[in-house]
Amino acid sequence: VLCKCKRLADAGEDLGRSVWGRRAPSCMLLLDASNALHLLIMAAPESAETDLLSELRAVFTADPLIDEYGILPQDALPGDGSHFFVQEHKLAISRACLQTLFYQGVSKLEDPQWADAATRAVLLSSGDHYVAWHRRKLLVMQRAVDLEQELRLTAVVFSLRPKAGNAWSHRRFVAAEVAATATPGDLSTLWREELQVCAVLAHRSARNYYAWTHRLWVARRLGERDLAREVAWAQRAVAASSSDRSASHHLEQLLLLTSGRDGSSAPAPSVSNLEVATPAAIVEAERLVKENPGREALWQHLRSLFAATWSTVGGADVSLAPSDVESLEFVVSPHPEDSQRLDNEHRGGSPWVEAAFQIRFAHRCSTTPCAWNEGEQHRFARSHAMFVLFHVLRALRSTNPRHALVSVIQGRAVFLLAELQAGSSPQSAAMSTEDHPRPTGTAGSALSSDSHFNSGSHPVFWSALALDVAEFSPATTTRNPGR
Numbered sequence: 040v041l042c043k044c045k046r047l048a049d050a051g052e053d054l055g056r057s058v059w060g061r062r063a064p065s066c067m068l069l070l071d072a073s074n075a076l077h078l079l080i081m082a083a084p085e086s087a088e089t090d091l092l093s094e095l096r097a098v099f100t101a102d103p104l105i106d107e108y109g110i111l112p113q114d115a116l117p118g119d120g121s122h123f124f125v126q127e128h129k130l131a132i133s134r135a136c137l138q139t140l141f142y143q144g145v146s147k148l149e150d151p152q153w154a155d156a157a158t159r160a161v162l163l164s165s166g167d168h169y170v171a172w173h174r175r176k177l178l179v180m181q182r183a184v185d186l187e188q189e190l191r192l193t194a195v196v197f198s199l200r201p202k203a204g205n206a207w208s209h210r211r212f213v214a215a216e217v218a219a220t221a222t223p224g225d226l227s228t229l230w231r232e233e234l235q236v237c238a239v240l241a242h243r244s245a246r247n248y249y250a251w252t253h254r255l256w257v258a259r260r261l262g263e264r265d266l267a268r269e270v271a272w273a274q275r276a277v278a279a280s281s282s283d284r285s286a287s288h289h290l291e292q293l294l295l296l297t298s299g300r301d302g303s304s305a306p307a308p309s310v311s312n313l314e315v316a317t318p319a320a321i322v323e324a325e326r327l328v329k330e331n332p333g334r335e336a337l338w339q340h341l342r343s344l345f346a347a348t349w350s351t352v353g354g355a356d357v358s359l360a361p362s363d364v365e366s367l368e369f370v371v372s373p374h375p376e377d378s379q380r381l382d383n384e385h386r387g388g389s390p391w392v393e394a395a396f397q398i399r400f401a402h403r404c405s406t407t408p409c410a411w412n413e414g415e416q417h418r419f420a421r422s423h424a425m426f427v428l429f430h431v432l433r434a435l436r437s438t439n440p441r442h443a444l445v446s447v448i449q450g451r452a453v454f455l456l457a458e459l460q461a462g463s464s465p466q467s468a469a470m471s472t473e474d475h476p477r478p479t480g481t482a483g484s485a486l487s488s489d490s491h492f493n494s495g496s497h498p499v500f501w502s503a504l505a506l507d508v509a510e511f512s513p514a515t516t517t518r519n520p521g522r
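In my numbering, each residue's number is its place in the sequence shown (first place is 1) plus 39.
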């Protein structure tokens, strides 16, 4: 241990000589490299430990509207020897002084006179530094800093580090502090500015989950009219970024928010309920899927919207209405006239009917040629159909298993399932029942046949689905206890 401390002390003296131009005092006790460095900084020469902090504080005092910064080589800055340069509210920091600036900031974090400048220096050097953001939070709680300036500081950090999670957390804290004392007019302005910041950073940095999470946090605090605008904006964002799952996930959360089913404690404005908003969103998602083949994010979006509609199934009453039974019979029927009849039905009345539409849509996408990404489009379509069928079969188990139509629907569903998994052609879907008899009572053997599966099948999913379908046998009256 003593040998290690001696080596660290020698390294600390060399570092102090290179930073301050003179030998730094040795430390009495050294535990590890990080502690040695911290103690060395605390023992730095008084004349050199705040030079850069003073210069940085003067820069922000002269121009408090700085909204962006960057790190440049020293030779790219003007030749007056300064480490900072400001023009049109844009700050440039010399890369040569960045490490020293960070060390000087860390050494003054607990100094009340330097806390503001020190934390600013640390965050410009390391935008996700937790201790510095916590120190800024204490300054906000003490009202030692202006709240508007604090929001501007987070925006400055985001200009170089848009995915700094601690910075986003701090911005939410400051925005909540501002909203607590804001008037209704100022509150609306605050939320609009927050949405604008999120939009800019989400566009600048793809899949910026921190920005989208912050945007949803703001959306939960919007009024009815502003929330309706946010839903419309999210719909345009989904159409503009077909490969980014973040936008479609945000839209799904907004639809849940309008129905009060997002799990948040914030009150839900009554823009519309989910049963009205989701069918239109599903139709739009289907249009995007057809126009942008092979985009997995859009298929996941469609799957989530269907799951939101299907979540109404599962209560005490999950029985099938006659029209629901008819729709499910149509969707698994090999007759083309039945498919046309289903398309002419009114959409959005029952989750069972929507399930039938989803199976038919996936079937068509899996058999329609595409100009590009045809293989991916067909694979995602079959996966979507299996997802819908899985939920339909599980819900049917909750109804009377001795119902006369259950085995028929189950047999036709298995037939369509095997057809989708095999990647059949459109001609095979138009074949009559005499050419392809409908399987009844042999669901387990049909699913276990290797001829119906390709190499892309998921074994866990198929095992679960085979067990589900096997329980629909007419001879089965109770659930298998060994499942």
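For every residue, glycine included, the Cβ atom is placed at its ideal position computed from N, Cα and C.
Between L337 and S281, how many whole angstroms is the CB-CB distance? I'm expecting something under 8 Å.
The C-beta separation of L337 from S281 comes to about 6 Å, placing the pair in contact by the 8 Å criterion.
Can you have a look at R268 and say buried or exposed, based on whether 16 or more other CB atoms are within 10 angstroms of its CB?
A residue is called buried when at least 16 other Cβ atoms come within 10 angstroms of its Cβ; R268 does not meet this threshold and is exposed.
Mind checking L104: buried by the 16 CB within 10 Å criterion, or exposed?
Around the beta carbon of L104, fewer than 16 other beta carbons lie within 10 angstroms, which makes this residue exposed.
Is the beta carbon of V161 closer than 7 Å to that of E189?
No.
Verify whether the separation of the beta carbon atoms of Q143 and L92 is less than 7 Å.
Result yes, Cβ atoms of Q143 and L92 sit closer than 7 Å.
Assigned secondary structure, S133 (DSSP; H/G/I helix, E/B strand, else coil):
Strand.
Can you have a look at R182 and say buried or exposed, based on whether 16 or more other CB atoms are within 10 angstroms of its CB?
Exposed is the call here.
Which class does I398 belong to by DSSP, given the choice of helix, strand or coil?
I398: helix per DSSP, three-state reduction.
Secondary structure at I110, three-state DSSP: helix, strand or coil?
Reduced to three states, the DSSP call for I110 is strand.
Please identify the residue among I321, D114, R418 and L435 whose C-alpha is closest to the C-alpha of F396.
For F396, the closest alpha carbon among the candidates I321, D114, R418 and L435 is that of I321.
Opposing strand residues paired with V125 [DSSP bridges]
DSSP lists L130 as partners of V125.
Where does Q143 sit, in a helix, a strand or coil, going by DSSP?
Helix.
Taking just the CA atoms, how far does E335 sit from H417?
Distance between H417 and E335, taken at the CA atoms: about 11 Å.
What is the DSSP secondary structure of W153, reduced to helix, strand or coil?
Coil at W153, not helix or strand.
If you drop the 5 nearest sequence neighbours on each side, which residues of the same chain put their C-beta closer than 6 Å to that of W172?
So the qualifying residues of the chain are N205 and H209.
Considering only the alpha carbon of each residue, which of L148, H128, S121 and V125 lies closest to A20?
Since the first residue of the chain shown is 40 and the last is 522, residue 20 is not available in this structure.
Return the chain-ordered ranges of every alpha helix (DSSP H) run that is complete within the segment 237 to 290 and spans a minimum of 4 residues.
Those alpha helix (DSSP H) runs which fall completely within the segment 237 to 290 and span 4+ residues are 248 to 258 and 263 to 279.
If you drop the 5 nearest sequence neighbours on each side, which residues of the same chain put their C-beta closer than 8 Å to that of Q339?
Spatial neighbours of Q339 in its own chain (CB-CB distance under 8 Å, excluding positions within 5 residues in sequence) are listed in chain order as R284 and S287.
Would R254 pass as a contact of C237 if the rule is Cβ separation under 7 Å?
Taking the C-beta atoms as reference points, C237 is found nearer than 7 Å to R254.
How big is the Cα-Cα spacing for R264 and A271?
Roughly 11 Å between the two C-alpha positions.
Measure the alpha-carbon distance for A241 versus V217 and round it to whole angstroms.
Rounded to whole angstroms, A241 and V217 show a C-alpha spacing of 23 Å.
Of all the options D167, Q138 and L178, which has the alpha carbon lying nearest to the alpha carbon of A154?
Of D167, Q138 and L178, the smallest CA-CA separation from A154 is found for L178.
Between the beta-carbon of L344 and the beta-carbon of T317, is there less than 7 Å?
Yes; because the gap between Cβ atoms is below 7 Å, this pair is in contact.
Selected residue, minimal CA-CA separation from R433, among S350, T139, V145 and Q274
Selected option, being the one with the closest Cα: S350.
How should E233 be labelled, buried or exposed, when 16 other C-beta atoms within 10 angstroms of its C-beta is the threshold for buried?
Classification of E233: buried, given that the 10 Å Cβ count is 16 or more.
So the candidates are G166, A157 and V195; which of them puts its Cα closest to the Cα of L130?
Just measuring C-alpha positions, the residue of G166, A157 and V195 sitting nearest L130 is V195.
Measuring CB to CB, does L199 end up less than 7 Å from S164?
No, the pair does not count as a contact, with Cβ atoms beyond the cut-off.
Can you tell which of Q126, G262, K147 and Y108 has the C-alpha that lies nearest to the C-alpha of I132?
Among Q126, G262, K147 and Y108, the Cα nearest to that of I132 is on Y108.
Where R200 sits in the DSSP three-state scheme:
Coil.
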